[in-house]
Amino acid sequence: MNDYKFTSDVVIGLEIHMEIDTKTKLFCACSTKAKEPNTSTCEICLGFPGSKPVLNKKVIDYAIRMGLATKSNIAKELVFSRKNYFYPDMSKNYQITQYELPICEKGKIELSSGKVVNLTRIHIEEDPASLVHPSGMSSSSYVLVDYNRSGRPLLEMVTEPELNSSEEARDFMKQLVNILQYLKIFDINEGIIKADVNISVKESGYKRVEIKNVSGFKEIERAVEYEIERQKEAVEKGEDIVLETRLWDSEKGITKHMRLKESESDYGYILDPDLVITDITSDWVKEVEENLPELPIERAKRYVKELKINGEDAKVLTLDYELSEFFDAVAKKVNPITAAKWVRRELPRVLNYNNLEFHDIKFTSDHFSDILELLEAKKITDNVAKKILERLCEKGDFDVKDYVKSEGLEAVADSGALEGIIKQVIDANPKAIEEYKGGKEQSLNFLVGQVMRQTRGAASAPEVIELIKKLVN
Ligand SMILES: [Zn+2]
Numbered sequence: 375m376n377d378y379k380f381t382s383d384v385v386i387g388l389e390i391h392m393e394i395d396t397k398t399k400l401f402c403a404c405s406t407k408a409k410e411p412n413t414s415t416c417e418i419c420l421g422f423p424g425s426k427p428v429l430n431k432k433v434i435d436y437a438i439r440m441g442l443a444t445k446s447n448i449a450k451e452l453v454f455s456r457k458n459y460f461y462p463d464m465s466k467n468y469q470i471t472q473y474e475l476p477i478c479e480k481g482k483i484e485l486s487s488g489k490v491v492n493l494t495r496i497h498i499e500e501d502p503a504s505l506v507h508p509s510g511m512s513s514s515s516y517v518l519v520d521y522n523r524s525g526r527p528l529l530e531m532v533t534e535p536e537l538n539s540s541e542e543a544r545d546f547m548k549q550l551v552n553i554l555q556y557l558k559i560f561d562i563n564e565g566i567i568k569a570d571v572n573i574s575v576k577e578s579g580y581k582r583v584e585i586k587n588v589s590g591f592k593e594i595e596r597a598v599e600y601e602i603e604r605q606k607e608a609v610e611k612g613e614d615i616v617l618e619t620r621l622w623d624s625e626k627g628i629t630k631h632m633r634l635k636e637s638e639s640d641y642g643y644i645l646d647p648d649l650v651i652t653d654i655t656s657d658w659v660k661e662v663e664e665n666l667p668e669l670p671i672e673r674a675k676r677y678v679k680e681l682k683i684n685g686e687d688a689k690v691l692t693l694d695y696e697l698s699e700f701f702d703a704v705a706k707k708v709n710p711i712t713a714a715k716w717v718r719r720e721l722p723r724v725l726n727y728n729n730l731e732f733h734d735i736k737f738t739s740d741h742f743s744d745i746l747e748l749l750e751a752k753k754i755t756d757n758v759a760k761k762i763l764e765r766l767c768e769k770g771d772f773d774v775k776d777y778v779k780s781e782g783l784e785a786v787a788d789s790g791a792l793e794g795i796i797k798q799v800i801d802a803n804p805k806a807i808e809e810y811k812g813g814k815e816q817s818l819n820f821l822v823g824q825v826m827r828q829t830r831g832a833a834s835a836p837e838v839i840e841l842i843k844k845l846v847n
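Counting the sequence shown from 1 gives a position; my numbering is that position plus 374.
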């Protein structure tokens with residue numbers, strides 16, 4: 375059965391298919407961006423007899439990028455094979471893929487916990503066409519085929535079975551998407567990334583069950599959680615765990631039997647005679663390496679060196695590509711240290727409070743730097759800045775500078791004006807003043823609160839305290 379040494383009760387391995395963002399398909403010049411069904415096809419991606427595939431070099435460059443970013447061994451030769459199967463999504467009855475020699479082997483990806491997950495391989499293959507079931511998978515009486523997707527480039531990554539929980543599976547996917555984004559080889563809005571999840575538990579003697587095509591971080595976590603419980607319960611009831619492929623039903627939150635697990639030998643792989651074996655020279659790899667986009671580690675180093683941000687902040691900011699891009703844009707407009715403090719601490723706090731994820735926000739880095747510019751110029755206080763940020767999270771898009779003006783949130787920087795307000799508060803609250811003089815600290819807080827209310831948070835609290843003390847005595 376399995377020759378892998380298991381040290382954990384739950385063992386999870388992933389096989390991930392990633393759509394790679396190129397302009398044209400893997401073996402022909404058809405666009406990868408077409409939306410209308412069957413408008414981006416030719417004799418090659420429709421598999422007409424006699425048509426010959428022509429390799430898209432960009433895909434190989436991108437695969438090498440991925441290999442370098444995951445510290446993989448890059449193959450010295452590019453070898454393509456035919457995986458034979460019959461299905462309407464593959465009109466030539468075989469898929470061109472890499473079998474004997476994948477382009478990358480033995481890479482690694484680090485989880486946010488610091489745990490390193492080893493990668494067995496990464497290889498290149500063509501996407502099949504998409505099947506459209508007009509009234510749902512189970513109730514449609516016919517199926518439509520859209521060949522726009524046929525021949526689009528995919529990278530498939532296979533991990534060693536080293537993940538041990540649903541959280542780790544989810545985190546792995548997150549780290550992977552982050553790398554893809556840094557490498558600029560994946561379109562986060564249009565690109566599809568799907569995982570086949572292999573799960574086994576100690577209770578069954580690690581019999582491997584596969585869940586097909588799960589997409590989305592949350593879905594993977596849910597599917598894994600469900601499947602672990604299902605297997606444990608089945609064993610407890612005395613049922614056998616069979617080596618099978620299951621489907622994840624996201625609506626019902628369950629996995630369902632799809633078919634018994636086929637083995638790779640069922641596909642009768644042969645080397646593709648149309649694609650000659652090409653050398654991947656060290657010069658080629660070097661060229662890709664020289665043009666490799668900035669990766670998280672280098673970016674963090676740059677933040678420390680050039681922007682003078684502390685190492686810990688730099689690390690957290692670069693862990694998420696989108697957050698890091700956001701920070702970069704803000705740090706171009708305001709002091710980077712202020713930007714780091716607010717992007718790393720205040721923004722997550724407000725997002726968390728509103729139960730939002732970073733990619734849910736409807737405001738831009740410009741809104742954010744507007745707030746920080748006003749703060750740096752001492753035109754608003756910390757408190758007001760936080761409130762505006764909270765409002766941006768709730769309402770999304772509005773003009774920060776206009777809002778501060780129209781709501782009268784500008785800091786009461788003129789201490790003469792502030793003194794006037796404090797005098798009014800003192801006159802209106804003789805009882806609190808007496809208590810404060812009698813040594814009751816809470817009364818001072820109450821008075822500060824009254825001033826803050828009148829100034830709508832636009833005064834600085836330490837200054838208010840100082841002025842109250844001065845005026846009372
Ligand atoms: Zn084509």
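For every residue, glycine included, the Cβ atom is placed at its ideal position computed from N, Cα and C. Being a predicted model, the structure only gives us computed values, none of them experimental.
Taking all protein chains shown into account, SER743 has 16 or more neighbouring C-beta atoms within 10 Å of its C-beta and is therefore buried. Going by DSSP, LEU649 is part of no alpha helix (DSSP H) at all; its letter is neither H nor E. The stretch 594 to 601 and the stretch 719 to 737 do not touch, with fewer than 3 CB-CB distances between them shorter than 8 Å. Counted as a single uninterrupted DSSP element, the beta strand (DSSP E) harbouring HIS391 occupies residues 384 to 393. The stretch 751 to 764 and the stretch 824 to 836 touch, with three or more beta-carbon pairs separated by less than 8 Å. Rounded to whole angstroms, LYS626 and ILE615 show a C-alpha spacing of 21 Å. Cβ neighbours of ALA688 within its own chain (closer than 6 Å, five residues either side excluded): ALA674, TYR677 and VAL678. Under the three-state reduction of DSSP output, HIS507 falls in the coil class, being neither helix nor strand.
In this chain, the beta strand (DSSP E) harbouring TYR468 covers 468 to 471. Under the DSSP assignment, GLU607 falls in the alpha helix (DSSP H) whose first and last residues are 591 to 610. Where TRP716 is concerned, there is no enclosing beta strand (DSSP E), because DSSP gives it neither an H nor an E. In this structure, ILE654 sits near LEU452, with a CB-CB distance shorter than 7 Å.
Contact check for GLY642 against ASN458 passes: the beta carbons are separated by less than 7 Å.
Annotated three-state conformation of THR829 is helix, per DSSP. Apart from the 5 residues on each side of it in sequence, SER446 sits with its Cβ closer than 7 Å to the Cβ of CYS478, GLU479, LYS480, GLY481, LEU493 and ILE496 in its chain, given in chain order. Closer than 6 Å to some heavy atom of ligand 1: that does not describe the Cβ of ILE470. If you check the CB distance, PRO427 and ILE438 do not come in under 7 Å.
Annotation: ILE807 to LYS752 spans about 30 Å, alpha carbon to alpha carbon.
Distances from the CA of ILE628 to each of TYR600, ASN412 and SER739 were compared; the closest alpha carbon is that of TYR600. Buried is the label assigned to SER540, since at least 16 other Cβ atoms lie within 10 Å of its Cβ.
Relative to LYS407, the option among ALA703, TYR727 and ILE566 whose CA is nearest is ILE566. A contact is defined here as three or more CB-CB pairs under 8 Å, and the stretch 384 to 401 meets this definition with respect to the stretch 543 to 551.
Near ligand 1, meaning a Cβ closer than 6 Å to any of its heavy atoms, lie the following residues in chain order: LYS399, CYS402, CYS404, THR415, CYS416, ILE418, CYS419 and GLY525.
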